[in-house]
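Using this note's numbering, the letters of the sequence shown correspond one by one to residues 45 to 629.
One structure below.
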Amino acid sequence: MPPITFRDDDFQAIDPQHDDPMVISVEIEDFAVRKTLVDPGSSVDILYWGTLRKLKILEEEIQQYSEPIVGFVGERVSTKGYVDLFTKFGTGMVTRTVKIRYLIVDAHTSYNILLGRPSLNTLGAVVSTYHLAMKFPSASGDIITVHVDQPTARRCYADSLRERPESPPRRAVNNVEKVPGEAEVDLDPRVSSEERVEPIESTEEFHFDEQRYTHVSRTLVKTPEMREVLQRNVDLFAWSAADMPGIDPRVASHKLSIFREARPVAQKRRKMGGEKREAARAEVQKLISAGFIKEATYTTWLANVVLVKKANGKWRMCTDYTNLNKACPKDTYPLPSIDRLVDGAAGHRVLNFLDAYSGYNQIPMFPPDKEKTAFITEEANFYYEVMPFGLKNAGATYQRLMDKVFCHLIGKCMEVYVDDMVVMSDSLEQHVKDLEEVLAAVRKYDMRLNPEKCVFGVAGGKFLGFMLTRRGIEANPDKCQAVVNMRSPSNIKEIQRLVGRLTALSRFMPKLAERIQPMLKLLKKAQKFVWDEACEQSFQSLKEYLSSPPVLQKPSKGKPLLVYLAISTNATSSSHDIYKKGNKR
Numbered sequence: 045m046p047p048i049t050f051r052d053d054d055f056q057a058i059d060p061q062h063d064d065p066m067v068i069s070v071e072i073e074d075f076a077v078r079k080t081l082v083d084p085g086s087s088v089d090i091l092y093w094g095t096l097r098k099l100k101i102l103e104e105e106i107q108q109y110s111e112p113i114v115g116f117v118g119e120r121v122s123t124k125g126y127v128d129l130f131t132k133f134g135t136g137m138v139t140r141t142v143k144i145r146y147l148i149v150d151a152h153t154s155y156n157i158l159l160g161r162p163s164l165n166t167l168g169a170v171v172s173t174y175h176l177a178m179k180f181p182s183a184s185g186d187i188i189t190v191h192v193d194q195p196t197a198r199r200c201y202a203d204s205l206r207e208r209p210e211s212p213p214r215r216a217v218n219n220v221e222k223v224p225g226e227a228e229v230d231l232d233p234r235v236s237s238e239e240r241v242e243p244i245e246s247t248e249e250f251h252f253d254e255q256r257y258t259h260v261s262r263t264l265v266k267t268p269e270m271r272e273v274l275q276r277n278v279d280l281f282a283w284s285a286a287d288m289p290g291i292d293p294r295v296a297s298h299k300l301s302i303f304r305e306a307r308p309v310a311q312k313r314r315k316m317g318g319e320k321r322e323a324a325r326a327e328v329q330k331l332i333s334a335g336f337i338k339e340a341t342y343t344t345w346l347a348n349v350v351l352v353k354k355a356n357g358k359w360r361m362c363t364d365y366t367n368l369n370k371a372c373p374k375d376t377y378p379l380p381s382i383d384r385l386v387d388g389a390a391g392h393r394v395l396n397f398l399d400a401y402s403g404y405n406q407i408p409m410f411p412p413d414k415e416k417t418a419f420i421t422e423e424a425n426f427y428y429e430v431m432p433f434g435l436k437n438a439g440a441t442y443q444r445l446m447d448k449v450f451c452h453l454i455g456k457c458m459e460v461y462v463d464d465m466v467v468m469s470d471s472l473e474q475h476v477k478d479l480e481e482v483l484a485a486v487r488k489y490d491m492r493l494n495p496e497k498c499v500f501g502v503a504g505g506k507f508l509g510f511m512l513t514r515r516g517i518e519a520n521p522d523k524c525q526a527v528v529n530m531r532s533p534s535n536i537k538e539i540q541r542l543v544g545r546l547t548a549l550s551r552f553m554p555k556l557a558e559r560i561q562p563m564l565k566l567l568k569k570a571q572k573f574v575w576d577e578a579c580e581q582s583f584q585s586l587k588e589y590l591s592s593p594p595v596l597q598k599p600s601k602g603k604p605l606l607v608y609l610a611i612s613t614n615a616t617s618s619s620h621d622i623y624k625k626g627n628k629r
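Take a look at the structure:
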């Protein structure tokens, strides 16, 4: 185990005078679970029943466990069993995932999870309550630091001090019974390493009935106009594949347009281990139940399935369409400029983030091309009735559909990049009108939205790698922190990784090429790798700059735009500022 130490700069909370609990966020099953208490005095890891339900873990996965837990003053608390879950610690690219055995307890608490000595020992974690930080080694030996969310820790502690009635009366809210004073389970179902859109404002569940809900800003969840619009359009949300009518083939379908001279390729079946085989069988059954695939016979094109393990420990089934994609020409349909979309969506007061339910699978395959999507399984061969992931031009087909569906709204009150949609408004009144227009377009073309990944009426969020707020465009803090947490590169690969991360933040870093010139020289093949003092100074200056990156504003029509050119012996760069009366950025 590498040595772990704490320094003064490890303290990143807002108030140095504290005795606050260790409250962090972890990720379980693609959910970000906040209000996670780290308690080295506990001999078990506890998952509370309310949190378990929000994670949508089936009760069949709960294992029997009859031993009670002994509390602080000797009281015995019964358990409902245990469950093993993969839990991710850390943020951005610097994370570590371990399997933790949680005892399930049904109790009122201000926390969602309690992590005790078993999980801390599994991580090899060292906790400093003085620095409000926890450190543990990654798989590669680097030290990962997790900081406490001090405001949340104080709210949880204050909530835990409130007296609770022994038998609280139950009252119905939105057809869902709630217990007064019961702690809200703060889960964000949109967190995923693959998501390009994510809200940053706290939301509440808006329930259509006991089991169906979506997410609405806490400031708007009680607004009558918002509730009326959502209730009126409840049929536009899909809770299962059976709720999707699918796009009319006359509106959009995916054609392969295979080269005439291309010869069909039937791949030989590859062997899979027992665990992968079971995961593939379960996924195939889901696709059959949804009506997405049918059994194929006498196929000329045939592909293997590839099982890829996700960060949460589950398997994702992909199809190896390498041969089929090589035989298809590229669809050059233009994708929107990301910078233009981000500029258009920034600076608005209210934002909606929308997500289609299995968006690609809502588009049907062109009938003559269906059987060309055939793939191999242990039981039989199947082909897709709908557009699958992995095909060469699937993104272009989806963008073409979105441009057709929202043609009169894009650039006005909406921006769309493939399956990422954001609706922006400057006032709450206009927000309701814009939302009605967008939902009318969704209804016209029989699209369906994913209620669990839609968020309505928030003040800001992550969109295409940028933070959108009313103030302007901000750098994604996860990307900044990934650079700040990096150690000094020791080989070419690590420099390439660093340059890639910096390129994603280049819009916020003027004269970037000049700043990293000492490091870029090491990428030349004839150059021997020597990390010298100049490289280290450049690296540390970048870290210091990214600790507080600037906030950008989009160009304003009719206002002067000042362009600056910086030329050195190594690089040329430009930047622009918007001049405002009494204020210059």
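A virtual CB, placed ideally from N, CA and C, is assigned to each residue, including glycine.
As the structure is a computational prediction, the values presented were derived from the model and not from experiment.
* Output the distance between the C-alpha atoms of Leu300 and Met465, rounded to the nearest integer angstrom. => 26 angstroms
* Quick one: grab the DSSP three-state call for Gly455. => coil
* Asked: If you compare alpha carbons, which of Lys124, Ala557 and Gln581 is closest to Ala610?
  -> Ala557
* Cβ neighbours of Asp54 in the same chain (closer than 6 angstroms, five flanking residues each side left out) -> His175 and Ala177
* Asked: Where does Leu605 land, buried or exposed, given buried means 16+ other C-beta within 10 angstroms?
  -> Leu605 is exposed by the Cβ-count criterion.
* **Coil, strand or helix - Trp93 by DSSP** => helix
* Asked: What distance in whole Å lies between the Cβ atoms of Leu331 and Leu483, which are believed to be in contact at a cut-off of 8 angstroms?
  -> Contact doesn't hold; Cβ gap of about 28 angstroms is too wide.
* With a Cβ-Cβ cutoff of 8 angstroms, do Ser582 and Arg551 count as a contact? -> no
* Asked: Among all the DSSP beta bridges, which residues are the ones paired with Glu518?
  -> Met511
* Asked: Closest to Leu379 by CA distance: which of Asp413, Thr441 and Thr173 is it?
  -> Thr441
* Within the same chain, show all residues whose beta-carbon is closer than 6 angstroms to that of Thr166, passing over the 5 residues directly before and after it, in chain order. => Val142
* Asked: Under a three-way DSSP split, which group does Ile106 fall into?
  -> coil
* Asked: Per DSSP, what kind of secondary structure is Phe419 in: helix, strand or coil?
  -> strand
* For Pro224, which of helix, strand or coil comes out of DSSP? -> For Pro224, the predicted model reports a pLDDT of 31, less than 50, meaning its position is unreliable; a value from the coordinates is still stated below. Coil, per DSSP.
* Name the two residues that bound the continuous beta strand (DSSP E) containing Arg78. => From DSSP, the beta strand (DSSP E) with Arg78 extends over Phe75 to Val82.
* Whose C-alpha, out of Trp359, Thr173 and Lys358, is nearest the C-alpha of Pro65? -> Thr173
* Identify the residues that DSSP records as bridge partners of Trp359: which are they? -> Lys353
* Counting Cβ pairs, one atom from each stretch, are 3 or more of them under 8 angstroms apart for the stretch 521-531 and the stretch 135-153? -> yes
* Secondary structure of Lys477, DSSP reduced to three states -> Helix at Lys477.
* To do: Compute the Euclidean distance between the alpha carbons of Val467 and Phe397, then round it to the nearest angstrom.
  => 7 angstroms
* To do: May I have the straight-line CA-CA distance separating Phe433 from Val190, to the nearest angstrom?
  => 35 angstroms
* Under the three-state DSSP convention, the category Ile332 falls into -> helix
* Could you spell out the range, first to last residue, of the beta strand (DSSP E) harbouring Phe500? => Val499 to Val502
* To do: Just the C-alpha distance for Ala216 and Tyr257, rounded to the nearest angstrom, thanks.
  => Confidence is the limiting factor: at Ala216 the pLDDT is only 34, short of 50, which leaves the residue's position unreliable, though a coordinate-based value still follows. If I take the Cα positions, the gap works out to 15 angstroms.
* Alpha carbon to alpha carbon, what distance is there between Leu395 and Gly505? -> 8 angstroms
* Are there 16 or more other CB atoms within 10 angstroms of the CB of Glu422, so buried, or fewer, so exposed? -> Classification of Glu422: exposed, given that the 10 Å Cβ count is below 16.
* Asked: Ends of the alpha helix (DSSP H) at Ser163?
  -> Arg161 to Leu167
* To do: Specify the secondary structure class of Asn369 as computed by DSSP and reduced to three states.
  => Helix, per DSSP.
* To do: Within 10 angstroms of the Cβ of Gln107, are there 16 or more other Cβ atoms? Answer buried if so, exposed if not.
  => Burial call: exposed.
* Between Leu158 and Ile90, which are expected to be in contact by the criterion C-beta below 8 angstroms, what is the C-beta distance as a whole number of angstroms? -> That pair is a contact at about 4 angstroms.
* To do: Please name the residue, chosen from Gly403, Phe419, Pro289 and Tyr427, that lies closest to Pro411 on a Cα-to-Cα basis.
  => Tyr427
* Asked: For the alpha helix (DSSP H) that contains Ile539, what are its first and last residues?
  -> Here the alpha helix (DSSP H) through Ile539 covers Ile536 to Ala548.
* Can you give me the start and stop residues for the beta strand (DSSP E) that Asp128 sits inside? => Counting along the chain, the beta strand (DSSP E) containing Asp128 begins and ends at Tyr126 to Thr135.
* To do: Could you check if Ile58 is buried or exposed, using at least 16 other CB atoms within 10 Å of its CB as the buried criterion?
  => exposed
* Asked: Helix, strand or coil: how does DSSP classify Glu558 here?
  -> helix
* Asked: Just the Cα atoms here: how many angstroms apart are Cys498 and Leu508?
  -> The alpha-carbon atoms of Cys498 and Leu508 are separated by roughly 16 angstroms.
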